[in-house]
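Asker:
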Amino acid sequence: MTAAIPAQAQTAAEAALDLANMLDGAGGGVSGDAYLSALENAAAAGQPMAMWQLGTMYENGEGVAKDPAKAFGYFAQIANQHADAAPRGVESDIVAQSFVKMGDYYRLGVPDAGIPADIERSHALLLHAATYFGDADAQYRVGLLYLQDEGLGVNPLQSARWFSLAARKGHCLAQARLGDLLFNGMDGIEAQPIEGLMWLNLSHERCLGTADQAQVDELLTRASSMARPEDRANAAALAESIAPQFADF
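Written as C-alpha cells, this is what we have:
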C-alpha cells in the first residue's frame, strides 16, 4: 500500500477490513480473524499502514480487546523505523501521527508495557512531528505547550507562531486559539481584533459538526460580544474572502 490513510475518514476496524481485503484479494466478506491475521502479516513485513491500523484498533478496542501496550508497540515500530522518512512522502501522515501518539503515551506512561511517564521525551517526539513532518496537529499541540508553565514554558509569541503554522493548514482548533490570542493580545502580542475575529470565524466554519465545535463557538461568542460592530463586519468579510484557501485541507 502506498496511500496514506485519512485518520477521520472511517473507523480503524473499517479501514483494517478494507486493507485486509486488498492484502489477501478477497474483495469482501473477510472474517474478523482473517483480516486481523492479514494485518499482522503485513505489519510483520514492515507495512506502516498495517501497523497504524493495528495500533489504532488496540488503542480503541475496535475489533480487538483494548490493549495500550500493543498499541504503543505498533506506533513505536512506525516511529522507530520511519523517523527519517520523507516529510512529504506518501506515508508521512501516518508516521507523523505515530510520533504524536507516542508523545501522548510518554506523557502519561504505559504501565502495562513497563513505560514510565517521560515528559521530556513526550515533548521531543511531538516537536519532531511538528518540525520535521510539519504535522498540523503536532504544531497545534506545541502551540498549547507554549501556553503552559508545565509544558515548554509560557511564551505567547512562540505559541502564536505554532498556532499560525497549523491554522494555515486548516486545523480548526489552531485557528480558534490563534484567533483568541490575536483578539485579546498577550505578553508580546498586541491585540488585533479584526484578524483575531477573522480566524475565529474561519474556525467556526471548519469545526461545524465536530466534537470541537462547542469550544470554538464559546471563544467566538465571547470575542464577538466584546468587538465593535464594524470590526465584526470586517472580520466576517475577510474570513469569507480567504476561506477558499482551506477548501483542500
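Going by the working numbering, the residue at position 127 of the sequence shown is 184; the numbering climbs one at a time, nothing skipped. C-beta: ideal position from N, C-alpha, C; glycine also.
Relative to the alpha-carbon of Ala223, which residue among Gln249, Ile246, Thr188 and Ile251 has its alpha-carbon at the smallest distance?
Answerer: By one-based count along the sequence shown, residue 223 stands at place 166. The shortest C-alpha separation from Ala223 is found at Thr188.
Asker: If you draw a straight line from the C-alpha of Asn241 to the C-alpha of Ala268, how long is it?
Answerer: Within the sequence shown, the letter at position 184 stands for residue 241. Within the sequence shown, the letter at position 211 stands for residue 268. One C-alpha to the other measures close to 24 Å.
Asker: Please name the residue, chosen from Trp256, Gly208, Ala126 and Leu276, that lies closest to Glu177 on a Cα-to-Cα basis.
Answerer: For this step, residue 177 is matched to residue 120 along the sequence shown. Glu177 has its Cα closest to that of Gly208, out of Trp256, Gly208, Ala126 and Leu276.
Asker: Could you check which residue in Trp109, Tyr203 and His261 has the C-alpha nearest to that of Glu297?
Answerer: Taking the first residue of the sequence shown as 1, we reach residue 297 at position 240. Closest by alpha carbon: His261.
Asker: What is the C-beta distance between Ala174 and Gly166, in whole angstroms, given that I count them as a contact (C-beta under 8 Å)?
Answerer: For the purposes of this step, residue 174 is taken as residue 117 along the sequence shown, with counting starting at 1. For the purposes of this step, residue 166 is taken as residue 109 along the sequence shown, with counting starting at 1. Confirmed, about 4 Å.
Asker: Of the choices Ala133, Pro125 and Gly146, whose alpha-carbon is the least far from that of Phe156?
Answerer: The sequence position of residue 156 within the sequence shown is 99, counting from 1. Selected option, being the one with the closest Cα: Ala133.
Asker: Which residue marks the beginning of the alpha helix (DSSP H) containing Asp161, and which one marks its end?
Answerer: Residue numbering aside, residue 161 sits at position 104 when the sequence shown is read from its first letter. Counting along the chain, the alpha helix (DSSP H) containing Asp161 begins and ends at Ser149 to Leu165.
Asker: Leaving out five residues before and five after Ala186 in sequence, what residues of the same chain have Cβ atoms less than 7 Å from its Cβ?
Answerer: One-based indexing of the sequence shown puts residue 186 at position 129. Same-chain partners within the cutoff: Ala153, Phe156, Val157, Asp192 and Ala195.
Asker: Would you call the CB atoms of Ala233 and Tyr197 closer than 7 Å?
Answerer: Position 176 of the sequence shown, counted from the start, is the residue given in the question as residue 233. Position 140 of the sequence shown, counted from the start, is the residue given in the question as residue 197. No, the Cβ-Cβ distance between Ala233 and Tyr197 is not below 7 Å.
Asker: So which of Asp141, Gln272, Ala142 and Ile251 has the shortest CA-CA distance to Arg285?
Answerer: Here residue 285 corresponds to residue number 228 of the sequence shown, with the count starting at 1. Answer by Cα proximity: Ile251.
Asker: Taking the straight line between their C-alpha atoms, what separation do you get for Gly103 and Gly266?
Answerer: For the purposes of this step, residue 103 is taken as residue 46 along the sequence shown, with counting starting at 1. For the purposes of this step, residue 266 is taken as residue 209 along the sequence shown, with counting starting at 1. Going from the Cα of Gly103 to the Cα of Gly266 covers about 36 Å.
Asker: Applying the 10 Å Cβ sphere with the 16-neighbour rule, what's the burial state of Ala310?
Answerer: The requested residue 310 does not occur in the structure, where the chain is confined to residues 58 to 306.
Asker: Alpha carbon to alpha carbon, how far is Ala217 from Asp90?
Answerer: Counting from 1 along the sequence shown, the entry for residue 217 is found at position 160. Counting from 1 along the sequence shown, the entry for residue 90 is found at position 33. The alpha-carbon atoms of Ala217 and Asp90 are separated by roughly 47 Å.
Asker: Along the chain, where does the alpha helix (DSSP H) that runs through Leu182 open and close?
Answerer: Looking up residue 182 in the sequence shown gives position 125. Unbroken alpha helix (DSSP H) run through Leu182: Ile176 to Thr188.
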